[in-house]
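Under the UniProt record's numbering, the residues of the sequence shown are numbered 1 to 364, in order.
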Amino acid sequence: MQDVSQLLSPHETGRRWVHAALEMLAQEAARSADTHLLKLDFPGFPGIDFYFKDESAHPSGSLKHRLARSLYLYALCNGRLREGQAVVDASSGSTAISEAWFARLLGLPFTAVMPACTAPRKIRDVQALGGRCDLVDDPAQVHARAAEHATRGACHLDQFGLAVQATDWRGNNNIAESIIQQMAREPRPVPAWIVCGAGTGGTSATIGRYLRYRRLDTRLCVAEPTGSGYVEGWRGRDRDAVARQPTLIEGIGRPRVEPGFLFDVVDEVIEVPDTTSIAAAWLLEELLGRRYGGSSGTNLVACLQLAAGMRDRGERGSIVSLLCDPGERYAETLFDPAWLAARGIDIGPAREALRHCLANGPHG
Ligand SMILES: *Cc1c(COP(=O)(O)O)cnc(C)c1O
Numbered sequence: 001m002q003d004v005s006q007l008l009s010p011h012e013t014g015r016r017w018v019h020a021a022l023e024m025l026a027q028e029a030a031r032s033a034d035t036h037l038l039k040l041d042f043p044g045f046p047g048i049d050f051y052f053k054d055e056s057a058h059p060s061g062s063l064k065h066r067l068a069r070s071l072y073l074y075a076l077c078n079g080r081l082r083e084g085q086a087v088v089d090a091s092s093g094s095t096a097i098s099e100a101w102f103a104r105l106l107g108l109p110f111t112a113v114m115p116a117c118t119a120p121r122k123i124r125d126v127q128a129l130g131g132r133c134d135l136v137d138d139p140a141q142v143h144a145r146a147a148e149h150a151t152r153g154a155c156h157l158d159q160f161g162l163a164v165q166a167t168d169w170r171g172n173n174n175i176a177e178s179i180i181q182q183m184a185r186e187p188r189p190v191p192a193w194i195v196c197g198a199g200t201g202g203t204s205a206t207i208g209r210y211l212r213y214r215r216l217d218t219r220l221c222v223a224e225p226t227g228s229g230y231v232e233g234w235r236g237r238d239r240d241a242v243a244r245q246p247t248l249i250e251g252i253g254r255p256r257v258e259p260g261f262l263f264d265v266v267d268e269v270i271e272v273p274d275t276t277s278i279a280a281a282w283l284l285e286e287l288l289g290r291r292y293g294g295s296s297g298t299n300l301v302a303c304l305q306l307a308a309g310m311r312d313r314g315e316r317g318s319i320v321s322l323l324c325d326p327g328e329r330y331a332e333t334l335f336d337p338a339w340l341a342a343r344g345i346d347i348g349p350a351r352e353a354l355r356h357c358l359a360n361g362p363h364g
């Protein structure tokens, strides 16, 4: 029998590879289960149900698995990604790990452009997945360096530029649709609040849009490190705002307002000091028996602040938030007492205050 591929033009064989790549992504999605929605009850908050969606359960370990899948789908469907083409993105964290994971799945060479100061653990994680790390000394130069790779022919996935376009906010089991479906049989199925942090802004944009699309009364709270770009920008709707101070919490707390952050779908922004976020990350291990990263701690603190307000007003309801990535990624940083001590961070008092709040309520 004749091999029809010999009759195809290079353009058509290219199209075949795109179809095969899209099929590989569909198969990967079919093999993956949804992430768990874990329920927690705190004695200090009767009548308020807390839920945490464990996004560390994705095969590449964080909520960036969803973003990476969307960015590859978007590049493929836009005709920007071809067989054998190099792929690049600027990321120092969980996005690089998830993008490297999908590059390996699709058989593509991947490069993460990272600041040289990136945690060794993350560099090792990208390399273990077959990715390359291009380290630049000046963190402000990562975007320019990624663009350079693109001029030499690489496909730039561009997480910060494309997160919001690439994500299917109406459905396709995006994070918001998954949460609302998983809540369906709960006593208070429509959450009073959903709480998330903002890095690219993609997660908050997807949740905020989906809540309106489904005509739900749920409000969206963005939990951020004190003085981050989004904190400064949100109140005055100022897209040029910059952070008042840096943060130790990875994945959130951007120095500036990224293009994917949609001010108008966010109902509340809560600022959390780094020490409190880290204390809350340690507390999550006590509550759940597993470690999660700093941004999960930030989320927990914001949940408790919202719950305190509900309690004061005599409201009942559910609050849903996210566990964004696993604590193992921070074994040499946030979970290393010597690392904390070297930075003058004592999480003891905040941890005790949080424990007390869970047991006795905000004013107990
Ligand atoms: C990216 C990230 C976030 C924020 O999600 P976005 O959708 O990019 O706004 C929160 N926590 C961690 C650990 C992340 O990597």
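Even glycine gets a Cβ: it sits at the ideal position worked out from N, Cα and C.
Just so you know, these numbers come straight off a predicted model, no measurement behind them.
Does DSSP put Val-87 in a helix, in a strand, or in coil? strand
Rounded to a whole number of angstroms, what is the C-alpha to C-alpha distance between Met-24 and Asp-49? Approximately 38 Å, taken between the alpha carbons.
Which of the three DSSP states, helix, strand or coil, is assigned to Trp-169? coil
Every unbroken beta strand (DSSP E) within the region 156-210, with a cutoff of 3 residues, ordered by chain: As far as the region 156-210 is concerned, its whole beta strand (DSSP E) runs of at least 3 residues are 193-196.
Backbone secondary structure at Leu-300 - three-state DSSP: helix
Beta-carbon contacts of Arg-244 that lie in its chain and below 7 Å, excluding the five residues immediately before and after: Gly-227, Glu-232
Secondary structure at Asp-336, three-state DSSP: helix, strand or coil? coil
What are the start and end residues of the alpha helix (DSSP H) that includes Leu-40? Not the alpha helix (DSSP H): Leu-40 falls in the beta strand (DSSP E), residues 37-40.
When the Cα atoms are used, what is the spatial distance from Thr-247 to Thr-333? 13 Å
Which residues does DSSP pair with Tyr-72 in a beta bridge? Paired residue(s): none; Tyr-72 is not in a bridge.
Bridge partners of Ser-318, per DSSP? Asp-49
Use the C-beta contact count for Asp-89: other C-beta atoms within 10 angstroms, 16 or more gives buried, fewer gives exposed. buried
What is the C-beta distance between Ala-150 and His-156, in whole angstroms, given that I count them as a contact (C-beta under 8 Å)? Yes, Ala-150 and His-156 are in contact; Cβ-Cβ is about 4 Å, under 8 Å.
Take Arg-124 as the anchor and find which of His-143, Ala-100, Ala-144, Gly-107 has the nearest alpha-carbon. Ala-100
According to DSSP, simplified to helix, strand and coil, what is Asp-54? In this structure, Asp-54 counts as strand in the three-state DSSP scheme.
Do three or more CB pairs link the region 180-198 to the region 279-291 at distances below 8 Å? no
Regarding Gly-93 and ligand 1, is the C-beta to nearest heavy atom distance less than 7 Å? Checking the Cβ of Gly-93 against ligand 1 gives yes.
At a cut-off of 7 Å, would you count Ser-70 as near ligand 1, judging by its Cβ distance to the nearest heavy atom? no
Assigned exposure category for His-58 - 16 Cβ within 10 Å defines buried: In the assembly as shown, His-58 is a buried residue. Its beta-carbon has 16 or more other beta-carbons within 10 Å.
Leaving out five residues before and five after Leu-37 in sequence, what residues of the same chain have Cβ atoms less than 6 Å from its Cβ? Tyr-51, Lys-53, Gln-182.
Look at the alpha carbon of Asp-217 and the alpha carbon of Trp-193, and state the distance between them as a whole number of angstroms. 9 Å
Return the chain-ordered ranges of every alpha helix (DSSP H) run that is complete within the region 91-164 and spans a minimum of 4 residues. 94-106, 120-128, 142-151
Within its chain, find whatever has a CB closer than 8 Å to the CB of Asp-34; leave out the 5 residues flanking it on each side and keep chain order. Closer than 8 Å at Cβ, skipping near neighbours: Asn-173, Ser-178, Gln-182.
Could you name the residues of the same chain whose beta carbon sits closer than 6 Å to that of Lys-64, not counting the 5 residues immediately before and after it, in chain order? Ser-94, Thr-95, Ser-98
Give every residue of the same chain whose Cβ lies closer than 6 Å to the Cβ of Arg-82, excluding the five residues on either side of it in the sequence, and list them in chain order. Gly-14
Burial state of Arg-209 (16 or more Cβ within 10 Å): buried
Comparing C-alpha positions only, which one of Val-301, Gly-293, Phe-263 sits nearest to Thr-276? Val-301
Consider the C-beta atom of Asp-325 and the heavy atoms of ligand 1; say whether any pair is separated by less than 7 Å. yes
Let me know if Gln-159 comes out buried or exposed under the rule of 16 or more other beta-carbons within 10 Å of its beta-carbon. buried
Can you name the residues that DSSP bridges to Arg-219? Arg-219 pairs with Trp-193.
Do you know how far the Cα of Ala-86 is from the Cα of Phe-102? 13 Å
Ile-278, enclosing alpha helix (DSSP H) - first and last residue: 274-288
Identity of the residues DSSP links to Pro-326 by a beta bridge: Tyr-292
Return helix, strand or coil for Val-265, following the three-state DSSP convention. helix
Can you give the beta carbon distance from Ala-281 to Phe-45, rounded, assuming they're within the 8 Å contact cut? Not confirmed; about 20 Å, so no contact.
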